[in-house]
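Comments concern the structure below.
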Amino acid sequence: MSSKVVMDAKAIDRATARIAHEIIEKNHGTDDIVILGIPTRGEHLARRLCEKIKAIEGVDIPLGALDATLYRDDIGMKDVPTLKKMDIQFSIDSKVVILVDDVLFTGRTIRAAMNALMDYGRPTIIELAVLVDRGHRELPIKADFVGKNLPTARDEGVKVRLEEVDEVNEVVVFEAVAEDVK
Amino acid sequence: MTELLGKDLLGIEDLNREAIVSILDTAVSFKDVSAREIKKVPTLRGKTVINLFYEPSTRTRTSFEIAAKRMSADAINISVAASSVKKGETLKDTALNLEAMNPDCIVVRHASSGAPHMLAEYMECSVINGGDGFHEHPSQALLDILTVSEKLGGVDKIKGVNVLIVGDVAHSRVARSNILGFTKLGAKVTVSGPPTMIPVGIEELGCKVEYNMAKAIKDADVVMMLRIQLERQGTALFPTAREYAKLFGLDALKLKSAKDDVIILHPGPINRGVEIAPDVADGPWSLILNQVTNGVAVRMALFYMLLGGARE
Numbered sequence: 113m114s115s116k117v118v119m120d121a122k123a124i125d126r127a128t129a130r131i132a133h134e135i136i137e138k139n140h141g142t143d144d145i146v147i148l149g150i151p152t153r154g155e156h157l158a159r160r161l162c163e164k165i166k167a168i169e170g171v172d173i174p175l176g177a178l179d180a181t182l183y184r185d186d187i188g189m190k191d192v193p194t195l196k197k198m199d200i201q202f203s204i205d206s207k208v209v210i211l212v213d214d215v216l217f218t219g220r221t222i223r224a225a226m227n228a229l230m231d232y233g234r235p236t237i238i239e240l241a242v243l244v245d246r247g248h249r250e251l252p253i254k255a256d257f258v259g260k261n262l263p264t265a266r267d268e269g270v271k272v273r274l275e276e277v278d279e280v281n282e283v284v285v286f287e288a289v290a291e292d293v294k
Numbered sequence: 007m008t009e010l011l012g013k014d015l016l017g018i019e020d021l022n023r024e025a026i027v028s029i030l031d032t033a034v035s036f037k038d039v040s041a042r043e044i045k046k047v048p049t050l051r052g053k054t055v056i057n058l059f060y061e062p063s064t065r066t067r068t069s070f071e072i073a074a075k076r077m078s079a080d081a082i083n084i085s086v087a088a089s090s091v092k093k094g095e096t097l098k099d100t101a102l103n104l105e106a107m108n109p110d111c112i113v114v115r116h117a118s119s120g121a122p123h124m125l126a127e128y129m130e131c132s133v134i135n136g137g138d139g140f141h142e143h144p145s146q147a148l149l150d151i152l153t154v155s156e157k158l159g160g161v162d163k164i165k166g167v168n169v170l171i172v173g174d175v176a177h178s179r180v181a182r183s184n185i186l187g188f189t190k191l192g193a194k195v196t197v198s199g200p201p202t203m204i205p206v207g208i209e210e211l212g213c214k215v216e217y218n219m220a221k222a223i224k225d226a227d228v229v230m231m232l233r234i235q236l237e238r239q240g241t242a243l244f245p246t247a248r249e250y251a252k253l254f255g256l257d258a259l260k261l262k263s264a265k266d267d268v269i270i271l272h273p274g275p276i277n278r279g280v281e282i283a284p285d286v287a288d289g290p291w292s293l294i295l296n297q298v299t300n301g302v303a304v305r306m307a308l309f310y311m312l313l314g315g316a317r318e
């Protein structure tokens, strides 16, 4: 199986820094912003975004994790998915929620995440930030902040590796879809 | 995850350590759902759960019903007093008729040990043992273990912990499931009670016996009091409730010799002043109501793990 690194550590860092700036710019500051990462890697990207925003604006943005597993549309179609971390220690009512995930693909995870979010409260706006948009959407969903647009074939695999879990920072494209690749 | 549990949950006996830990981890995630404003997830939409209870129950039946509803499954309760069982229908026939309505899961409580196991063989849907005779009550043991692991700060901390179970062990499915469950996680279990209530050979389940409760309580990290079935009074198991309370009831006096951070559990319903004194039941060491809260989370986890996967 051949694979190609399409983003290295530096590129990932630059992309998150740019997204942090874009979030502040688009929202005219940081008022009412909260950031929720979708575990596992979205959660770590979310923390990095928070740190970047703090470095720019000097404010601590509320940070949480939103697991959308219980809202997935493929429950009962394969093995029972393991639940991941859910951690929202603040109200999301009337907030601008920035959802963060590593790869945007079919859009189904984001649909599930938005439904989960609605059961937690009523945000004013939900915005989506992803490190990689690889195309092949199956739902009408679009990211507001994109680290890198990556045209891929449907059967290719894209894997974001972050040092918090994978000991290395890189984005890799695989020729054929492996088991652990989305 | 599905392989850990299989189709049914019939007893702690069938579970290995890995499966128990996996259920507890999943249950912790579900506690979050019960704590929020909208206490419902759409996960098991379209699934049907039938609660078939041949014995009275408030806690367990309500807990299973709430758990199913919070998962968006449809829950139907059948209490035998108002069913065709009164017309003489056998357990097997009742089961086959219910199965014909395509449920996804049946929770059974029955006075005969092994009744859920028999149903599991006949039925294609999942069967959960909600308590069978003097045999097992697995969801109760799982919620007890969850309550202890929460208090101690993790399942791993249960290893080496001293668990004391006091009361009518002979007639207690709760005791049996807990002995098996805590032992599998590495705890040391001791049972105590009048000799008439401690079955011969109980040590084979992996526990010790200490007839002197006042002595046994000194080393205990967890004390689990079993309900005394007052209706058994006069059946030569124990002379009077007062004598039982004095020797085997958990009161402030006996608690004095226990560890400062002892955990007190009771599966309910409690007989205040018999097996547990009111000030102890309501005191700071008692996690009795945490047990009830955790019961819903554990049952949500069981429904999720049994019904959330693909069917062959």
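As given, the protein sequences belong to chains A and B, one line each in that order. Okay, so the first sequence: first residue is 113 according to the working numbering, each after it adds one. Okay, so the second sequence: first residue is 7 according to the working numbering, each after it adds one. All residues carry an ideal CB built from backbone N, CA and C; glycine is no exception.
So, for A:Ile124: in the same chain, excluding its five sequence neighbours on each side, which residues have a beta-carbon less than 6 Å away from its beta-carbon? Asn281
With a cut-off of 8 Å on the beta carbons, I'd call B:Val172 and B:Met219 a contact; round off their distance for me. 6 Å
Below 7 Å between beta carbons is the criterion; list the residues of the region 175-206 of chain A that meet it against any residue of chain B, in chain order. Leu182, Tyr183, Ile187, Gly188, Met189, Lys190, Asp191, Val192, Thr194, Leu195 and Met198
Taking C-alpha atoms, which residue in B:Asn135, B:Lys157 and B:Asn168 lies nearest to B:Ala222? B:Asn168
Please report the distance separating the alpha-carbon of B:Val86 from that of B:Asp227. 39 Å
Please tell me whether A:Asp245 has its Cβ less than 8 Å away from any Cβ of chain B. no
For B:Ile56, which beta-bridge partners are listed by DSSP? B:Ile82 and B:Ile112
Could you work out which residues of chain A lie near B:Thr49, taking near to mean beta carbons separated by less than 7 Å? Leu182 and Ile187
8 Å Cβ shell around A:Met198 - same chain, five flanking residues per side excluded: Ala177, Leu178 and Asp179
Counting only runs of 4+ residues fully inside the region 153-199 of chain B, write out the alpha helix (DSSP H) ranges in chain order. 179-190
Quick check on B:Asp20 - is its C-beta less than 8 Å from some C-beta in chain A? no
Tell me, to the nearest whole angstrom, how far the beta carbon of B:Asp40 is from that of B:Val302; I am working on the premise that it is less than 8 Å. Sequence inspection shows Ser at residue 40 of chain B; the Asp mentioned does not correspond to that position. The pair is a contact, with the Cβ atoms about 6 Å apart (cut-off 8 Å).
Would A:Val272 and A:Asp214 be called neighbours here (beta carbons separated by less than 8 Å)? yes
Residue closest to A:Leu216, alpha-carbon to alpha-carbon, out of A:Lys254, A:Ile147 and A:Ala129: A:Lys254
Once DSSP output is grouped into helix, strand and coil, what is the label at B:Ser119? coil
Does any residue of chain B bring its CB to less than 8 Å from the CB of A:Asp231? yes
Proximity test, Cβ basis, 8 Å: A:Val293 and chain B: In this prediction, A:Val293 scores a pLDDT of 48, lower than 50, which makes its location untrustworthy; the coordinate-derived value is nonetheless stated afterwards. False, the Cβ-Cβ gap to chain B never drops below 8 Å.
I'd like the ranges of any beta strand (DSSP E) spanning at least 3 consecutive residues and lying wholly in the region 222-269 of chain A. 237-245 and 257-261
Measuring CB to CB, does B:Glu130 end up less than 8 Å from B:Glu105? yes
Alpha carbons only, please: which of B:Arg76, B:Glu210, B:Lys190 and B:Arg317 is nearest the one belonging to A:Asp231? B:Arg76
Beta carbon proximity, B:Thr32 to chain A, threshold 8 Å: yes
What ranges does the alpha helix (DSSP H) occupy inside the region 180-219 of chain A, keeping only unbroken runs of at least 4 residues that lie completely in it? none
What separation, rounded to the nearest whole angstrom, lies between the Cα atoms of B:Ala307 and A:Ile150? 21 Å
Helix, strand or coil for B:Met77 per DSSP? coil
Just to confirm before moving on: does the CB-CB distance between A:Leu243 and A:Val283 stay below 8 Å? yes
With 16 as the cutoff for other CB atoms within 10 Å, does B:Arg305 come out buried or exposed? buried
Find out if the Cβ-Cβ distance for the pair B:Ala247, B:Leu236 is shorter than 8 Å. yes
Look at the alpha carbon of B:Ile29 and the alpha carbon of B:Leu11, and state the distance between them as a whole number of angstroms. 9 Å
Identify which residue in B:Phe309, B:Gly315 and B:Arg317 has its Cα closest to the Cα of B:Asp80. B:Phe309
Secondary structure at A:Arg273, three-state DSSP: helix, strand or coil? strand
Taking DSSP as the reference, what is the three-state secondary structure of B:Leu125? helix
Chain A contact for B:Arg42 (CB, 8 Å cutoff): yes
Consult DSSP for A:Ala127 and reduce its assignment to one of helix, strand or coil. helix
Output the distance between the C-alpha atoms of B:Gly17 and B:Val47, rounded to the nearest integer angstrom. 27 Å
Buried or exposed by the 16-neighbour rule on C-beta atoms within 10 Å, applied to A:Ala225: buried
Assuming B:Lys224 and B:Ala258 make a contact with CB atoms under 8 Å, what is their CB distance in whole Å? In fact, because the Cβ distance is near 16 Å, the residues do not count as touching under 8 Å.
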